[in-house]
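Using the working numbering, the letters of the sequence shown map in sequence onto residues 701 to 870. Notes follow once the structure below has been shown.
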Amino acid sequence: MSLLEARTVFYFLLVLVGLAETVLGAFVVTGARNDFFSTPFYATGAALAAITSLWTVVLVIFGLNPQWKHALSKSGAHVTSTLVFTIVWVVYGIASAISMSSKCRHIQGNYCALAGAFTGLAFLLFTLTSAAMCLFCCTPRTRRAQEDGDSDIPSHELTLRAPKSHTVNV
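Written out as structure tokens, the structure reads:
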């Protein structure tokens, strides 16, 4: 599997989970109509998920042709974006888990199930964005430079391989 294919798979999963988080956030907001804190909190989470999905689509569009000279087709834009989304979603997941655990003691009904699913998807978004970031950070610099169009190695020759194990015989 090439780096571009692996990146595209992670981005596709990010878009799907982000859209699911957006829809689920709307359901949580309707379930917490009378709660002063939860309504804007989950509405903000749904908006952040929509922004994550839209920005990921933009990165996919520019990332499909790494030979473009646009800044969004370079790996630096992808690393920065995934780093920001990783931080946003881990913070939001933790805040959602804390909020949900305190609110579910007093509220009955579907709210707790929806808030739990929202929290789970927030942590899934964190996991996917951190995995996408690791894909860039763990890739040798020459491969990233080639995918950015700054190397002479053809892109079809770049594949993800398991690292060679270094064992020492004593």
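Positions of the beta carbon are idealized from the N, C-alpha and C atoms, including for glycine.
- Assigned with DSSP and collapsed to three states, Ser702 falls in coil, not helix or strand.
- In this structure, the straight-line span from the alpha carbon of Ile794 to that of Leu724 is close to 17 angstroms.
- In the three-state scheme derived from DSSP, where H, G and I count as helix and E and B as strand, Lys803 is classed as helix.
- Comparing C-alpha distances from Leu704 to each of Leu764, Tyr792 and Ser830 shows the shortest one belongs to Leu764.
- Within the segment 739 to 814, the runs of alpha helix (DSSP H) at least 4 residues long that lie entirely inside it are, in chain order, 775 to 803.
- Around the beta carbon of Ala749, 16 or more other beta carbons lie within 10 angstroms, which makes this residue buried.
- Relative to the Cα of Ala815, the nearest Cα in the group Thr730, Ala771 and Leu754 belongs to Thr730.
- If you draw a 10 Å sphere on the C-beta of Val758, you find fewer than 16 other C-beta atoms in it, and that means exposed.
- Between the beta-carbon of Ala746 and that of Ala726 there is about 6 angstroms, and that keeps the pair under the 8 angstroms contact cut.
- In this structure Ala771 is exposed. Its beta-carbon is surrounded by fewer than 16 other beta-carbon atoms within 10 angstroms.
- In the three-state DSSP reduction, Phe737 falls in the coil class, being neither helix nor strand.
- When rounded, the separation of the alpha-carbon atoms in Ser775 and Tyr792 is 25 angstroms.
- The beta carbon of Cys804 sits closer than 6 angstroms to the beta carbons of Cys812 from its chain, once the five residues preceding and following it are set aside; these are given in chain order.
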